[in-house]
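Colleague:
Numbering (this note's numbering), first residue to last: 7 to 376.
1. Ignore the nearest five residues each way along the sequence and tell me which others in residue 187's own chain have a CB closer than 8 angstroms to its CB.
2. Excluding the 5 residues preceding and the 5 following residue 172 in the sequence, name in chain order all residues of the same chain whose CB lies nearer than 7 angstroms to its CB.
3. Should residue 324 go down as buried or exposed, given a rule of 16 or more other Cβ atoms within 10 Å for buried?
4. Quick check: the Cα distance between residue 364 and residue 288, rounded to an integer number of angstroms?
5. Identify which residue in 162, 292, 167 and 100 has its Cα closest to the Cα of residue 269.
6. Keeping to the same chain, check which residues put their C-beta closer than 8 angstroms to that of residue 174; ignore five residues upstream and five downstream.
7. Quick one: what's got a C-beta closer than 7 angstroms to residue 255's C-beta in the same chain, skipping five residues either side?
8. I think residue 321 touches residue 93, with their Cβ atoms under 8 angstroms apart; what is that distance to the nearest whole Å?
9. Give the secondary structure of residue 126 by DSSP, where H, G and I count as helix, E and B as strand, and everything else as coil.
10. Return yes when the Cβ of residue 211 is within less than 9 angstroms of the Cβ of residue 285, no when it is not.
11. Taking contact to mean at least 3 C-beta pairs separated by less than 8 angstroms, is the segment 274-285 in contact with the segment 82-101?
12. Return the first residue and the last residue of the alpha helix (DSSP H) that residue 355 is part of.
13. If we call anything under 9 angstroms between Cβ atoms a contact, is residue 360 one with residue 209?
14. Using a Cβ-Cβ cutoff of less than 8 angstroms, which residues in the same chain neighbour residue 273 once the five nearest sequence positions on both sides are dropped?
15. Per DSSP, which one or two residues make a beta bridge with residue 373?
16. Distance check for residue 134 and residue 243, CA to CA, integer angstroms please.
17. Among all the DSSP beta bridges, which residues are the ones paired with residue 293?
18. Cα separation between residue 302 and residue 278?
19. If residue 258 sits next to residue 215, beta carbons under 8 angstroms apart, how far is it from one beta carbon to the other, in whole angstroms?
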């Protein structure tokens, strides 16, 4: 620089003296992609808005492919061979737990455009990550925690409904005497602030339940097909998948019913927020990476499993001659889809019926002290 050289030239000499040439190619590829991204940001807003989601995903896929090729000394065959070798390891794995370890070791460069395979506590259990005989620190506590999650989701909603209908098993408190039911709007002129807030929250709760049941069915179907295709050897526990599906349907059904009764018990806006949002927490109690970290999110490599799922059809037949025959053995249980859809459309009916019944019910007049 002191001899008249430019700053970029001096930096280039320093990089060549310290960094290997293969690393420089990766840096160049990243710089090239950064320049492309900066140039695309300068395009007209109208042209960007015209791109569909599929086109954007295809553009990202092409960009990531260039990065992979740059990291493989410009040889596309090397990248394909690496991917096929990894897929062969998946198909030849002796247990599902081995598949989980392989999914967790997939390079991050391959995962940027992948749809994650959603997980929860029951799916982690089904794939052998949670073992009730596994030694180690805190494993016994985590086993108990999974059982407690199941019990809370199974009993939480029905017990709340019980307190409103009969009051069995409680000391004091109040429940509702439905023999005195007469439609009335009188309470809305007295306690309109809590009633309006509980009405809006209840409507949103039922709508969220309706939408989430469709997503839950699609997620369960993906995981079940993936599990059924790869399940072999030891380490898996298929009953956990069915238990998770049943628990989801049961919990959503009863929590939605409990929410309607809680709407009537809200004396203040604070009661509405705490009670109704608390029932939302019960439904998501089995999810990973939430507020309750009994089972960590890292125990389920969602992106790696999604990459394996997306590339099975493209690479499976190339690396394993038994791929097509194994694929034909996967079948969906007949009662699963009707179960999910029955709860889904029950929630859809509740979106309209629940608020109307809440408006017409004289909650304070029906309350009976214990």
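Backbone N, C-alpha and C fix where the C-beta goes; we use that ideal spot for every residue, glycine too.
Modeller: To lay it out plainly:
1. Cβ within range, chain order: 367, 368 and 372.
2. In the same chain as residue 172, and ignoring 5 residues on each side of it, the C-beta atoms closer than 7 angstroms to its own belong to 181, in chain order.
3. Counting every other CB atom within 10 Å of its CB across the protein chains shown gives residue 324 a total below 16, marking it as exposed.
4. If you take the alpha carbons of residue 364 and residue 288, they lie about 22 angstroms apart.
5. Checking every option, the nearest Cα to that of residue 269 belongs to 167.
6. If you ignore the 5 residues before and after residue 174, its C-beta comes within less than 8 angstroms of the C-beta of 168, all in its own chain and listed in chain order.
7. Within the same chain, residue 255 has close Cβ partners 345, 346 and 349.
8. Right, their Cβ atoms sit about 4 angstroms apart.
9. Residue state, collapsed to three classes: strand.
10. Yes, the pair counts as a contact, with Cβ atoms nearer than the cut-off.
11. With a cut-off of 8 angstroms, the segment 82-101 and the segment 274-285 do not count as touching, because too few Cβ pairs lie within range.
12. Run containing residue 355: 342-366, per the alpha helix (DSSP H) assignment.
13. Taking C-beta atoms as the reference points, residue 360 and residue 209 count as a pair closer than 9 angstroms.
14. Excluding sequence neighbours, residue 273 sits near 197 and 200.
15. Its beta-bridge partners are 182.
16. Roughly 7 angstroms between the two C-alpha positions.
17. Answer by DSSP bridge pairing, in chain order: 126.
18. Going by the C-alpha atoms only, they are around 31 angstroms apart.
19. Right, their Cβ atoms sit about 5 angstroms apart.
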